[in-house]
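Encoded as structure tokens, the structure appears first; notes follow it.
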Amino acid sequence: MYIVVVGGGKVGYYLAKELLEAGHELVILEKSPGRARQIADELGSIVLNRDGCEGKHLAEAGANRAAIVAAVTGDDEDNLVVCQMAKHHFDVPRTIARVNAPKNEELFRHLGVDEIISPTRMVLAAIEQDIPVHELLHLAQLKGGELELVEAQIGDASPAIGRRPADIALPEGCSLFLLLRGSSVQQVRSETVFQSGDKVLAVSRAGGEGEQSLRRELIGDTEQVGDPALTG
Amino acid sequence: MRAVIVGCGRVGAGLAERLAREGNEVTIVDIDTEAFRRLEPDFPGQAIRADGTDEDVLRRAGIENADWFFALTEGDNRNAFAAQLATETFGVENVVAKINDPVRAEAYATLGLATICRTRLLVDAMARYVGLPADEGADGVRPAEGHHDHRDAEVPALPRAEG
Numbered sequence: 009m010y011i012v013v014v015g016g017g018k019v020g021y022y023l024a025k026e027l028l029e030a031g032h033e034l035v036i037l038e039k040s041p042g043r044a045r046q047i048a049d050e051l052g053s054i055v056l057n058r059d060g061c062e063g064k065h066l067a068e069a070g071a072n073r074a075a076i077v078a079a080v081t082g083d084d085e086d087n088l089v090v091c092q093m094a095k096h097h098f099d100v101p102r103t104i105a106r107v108n109a110p111k112n113e114e115l116f117r118h119l120g121v122d123e124i125i126s127p128t129r130m131v132l133a134a135i136e137q138d139i140p141v142h143e144l145l146h147l148a149q150l151k152g153g154e155l156e157l158v159e160a161q162i163g164d165a166s167p168a169i170g171r172r173p174a175d176i177a178l179p180e181g182c183s184l185f186l187l188l189r190g191s192s193v194q195q196v197r198s199e200t201v202f203q204s205g206d207k208v209l210a211v212s213r214a215g216g217e218g219e220q221s222l223r224r225e226l227i228g229d230t231e232q233v234g235d236p237a238l239t240g
Numbered sequence: 306m307r308a309v310i311v312g313c314g315r316v317g318a319g320l321a322e323r324l325a326r327e328g329n330e331v332t333i334v335d336i337d338t339e340a341f342r343r344l345e346p347d348f349p350g351q352a353i354r355a356d357g358t359d360e361d362v363l364r365r366a367g368i369e370n371a372d373w374f375f376a377l378t379e380g381d382n383r384n385a386f387a388a389q390l391a392t393e394t395f396g397v398e399n400v401v402a403k404i405n406d407p408v409r410a411e412a413y414a415t416l417g418l419a420t421i422c423r424t425r426l427l428v429d430a431m432a433r434y435v436g437l438p439a440d441e442g443a444d445g446v447r448p449a450e451g452h453h454d455h456r457d458a459e460v461p462a463l464p465r466a467e468g
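Those protein sequences? They're chains A and B, same order as listed.
Under this note's numbering, think of the first position of the first sequence as 9, with each following residue one higher.
Under this note's numbering, think of the first position of the second sequence as 306, with each following residue one higher.
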């Protein structure tokens, strides 16, 4: 598979290294001459010392025959432009962008970037799993970030206590499926009655409405703002 | 009319002055306070020192009620990014991005963004000055072509920011 990697920082470098070891054909576009030379010394002549945001440089890198373009620079705006150029100017089937500011994720997804990787969110998710900073934990992203797997903790103030799934108003595309109660794990059924201390696993559309409804219905604290991008 | 301008370089400052002089309400955003020195001391608009690619900053600049948005920083990608925030997240009707790389300017024009390409404008002006024949398709000002046909049909519309 031919892959174009834009950005030869730490992420780009290790990404290229792993992909080469896995037998893929690739090129890295890195605009800093010093950094480009350094990568070439380590990995061989797979580096073009060019700004990957410029159309003609993407063309030179063979973007039109690439199966994947991965934009992994430290600048969100550069990563977005690379993916948009790749997608719309070079018809690249799959574009992947690193997104540093979580509030930009929605815009990237909306503008057609196929896969969004957010280091900030990953670290945040790891921290949340250890220390529940919000009662709604982001566990994983599904379908390229379109859907999210979240865990909601039902506290003493939850309006869901004593209610069944049918009594809980959730938007379409948002469903509760697994209940963690004490040491038991069970499916959420129509006869399930929620109690304080339950943890509920849910799948929801990423972004605003689904997550707000889960907060409102299961946690009961709508004031709590976990992520400005999701409540904006 | 209400306008938000990102980037207070010569072009941004000049446009801000012109719009304000004609009685429009203007907010100009730049990351560097020094840039505001380009404005006349009696500039009647508002100047905000902040990152114009941040949606919270744009909200603070009043983008939600803006009729016009101009992305005029020195970075093509910053401009493309800010302009798309303006159209997609905030639904601003009239958005113009300065994009100096002709290839990118053209690509974004086909993606539904009005673009102004300084490179094209200057090359064209010089060429005309020395009497070269006009170059078809070398238009430095490109209106948005089509309307947001780049969207993946399965992706839901981005929720509009609330006021």
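All residues carry an ideal CB built from backbone N, CA and C; glycine is no exception.
These numbers were taken from a predicted model, which means no experiment stands behind them.
CB-CB length for residue i against residue j, believed under 8 Å
i	j	result
residue 144 of chain A	residue 160 of chain A	5 Å
residue 309 of chain B	residue 363 of chain B	7 Å
residue 165 of chain A	residue 157 of chain A	Not confirmed; about 24 Å, so no contact.
Separation of residue j from residue i, as counted between CA atoms
i	j	result
residue 150 of chain A	residue 123 of chain A	10 Å
residue 12 of chain A	residue 201 of chain A	51 Å
residue 360 of chain B	residue 438 of chain B	44 Å
residue 449 of chain B	residue 413 of chain B	8 Å
residue 445 of chain B	residue 388 of chain B	17 Å
residue 103 of chain A	residue 325 of chain B	42 Å
residue 71 of chain A	residue 176 of chain A	48 Å
residue 78 of chain A	residue 205 of chain A	42 Å
residue 181 of chain A	residue 213 of chain A	6 Å
residue 393 of chain B	residue 373 of chain B	14 Å
residue 74 of chain A	residue 59 of chain A	17 Å
residue 335 of chain B	residue 222 of chain A	38 Å
residue 431 of chain B	residue 423 of chain B	12 Å
residue 33 of chain A	residue 51 of chain A	12 Å
residue 375 of chain B	residue 115 of chain A	19 Å
residue 410 of chain B	residue 404 of chain B	5 Å
residue 355 of chain B	residue 440 of chain B	40 Å
residue 436 of chain B	residue 396 of chain B	42 Å
residue 316 of chain B	residue 162 of chain A	55 Å
residue 352 of chain B	residue 382 of chain B	22 Å
residue 21 of chain A	residue 9 of chain A	18 Å
residue 25 of chain A	residue 19 of chain A	10 Å
residue 329 of chain B	residue 129 of chain A	41 Å
residue 113 of chain A	residue 345 of chain B	38 Å
residue 224 of chain A	residue 46 of chain A	52 Å
residue 366 of chain B	residue 217 of chain A	26 Å
residue 457 of chain B	residue 15 of chain A	Bear in mind that the predicted position of residue 457 of chain B carries a pLDDT of just 41, short of 50, making it too unreliable to give a figure here.
Amino acids of chain B, ordered along the chain, whose beta-carbon sits closer than 9 Å to that of residue i
i	result
residue 8 of chain A	The requested residue 8 of chain A is not part of the displayed model; chain A covers only 9 to 240.
residue 115 of chain A	360, 386, 389, 390, 393, 394, 463
Partner residues on chain A for residue i, Cβ-Cβ distance less than 8 Å
i	result
residue 385 of chain B	85, 88, 89, 92
residue 416 of chain B	92, 96
residue 382 of chain B	61, 83, 85, 86, 88, 89
Per DSSP, the bridge partner or partners of residue i
i	result
residue 399 of chain B	B/373
residue 188 of chain A	A/193, A/207
residue 335 of chain B	B/354
residue 183 of chain A	A/211
residue 146 of chain A	A/158
residue 33 of chain A	A/10
residue 447 of chain B	B/420
residue 106 of chain A	A/125
residue 77 of chain A	A/12, A/103
CB of residue i within 8 Å of CB of residue j, strictly
i	j	result
residue 348 of chain B	residue 322 of chain B	yes
residue 314 of chain B	residue 379 of chain B	yes
residue 80 of chain A	residue 27 of chain A	no
residue 17 of chain A	residue 82 of chain A	yes
residue 332 of chain B	residue 350 of chain B	yes
residue 385 of chain B	residue 89 of chain A	yes
residue 184 of chain A	residue 167 of chain A	no
residue 38 of chain A	residue 44 of chain A	yes
residue 69 of chain A	residue 91 of chain A	no
residue 146 of chain A	residue 154 of chain A	no
residue 408 of chain B	residue 111 of chain A	no
residue 84 of chain A	residue 109 of chain A	yes
residue 416 of chain B	residue 118 of chain A	no
residue 203 of chain A	residue 227 of chain A	no
residue 61 of chain A	residue 86 of chain A	yes
Within chain B, partners of residue i - CB distance below 7 Å
i	result
residue 111 of chain A	360
Residue i: contacting residues in chain A (beta-carbon distance under 9 Å)
i	result
residue 370 of chain B	Those within 9 Å of residue 370 of chain B in chain A number zero; the least Cβ separation is about 17 Å.
beta-carbon residue i near the ligand NAD non-hydrogen atom, thresh 7 Å
i	result
residue 317 of chain B	Only the bare structure without any ligand can be found here, which leaves the ligand NAD out of the picture.
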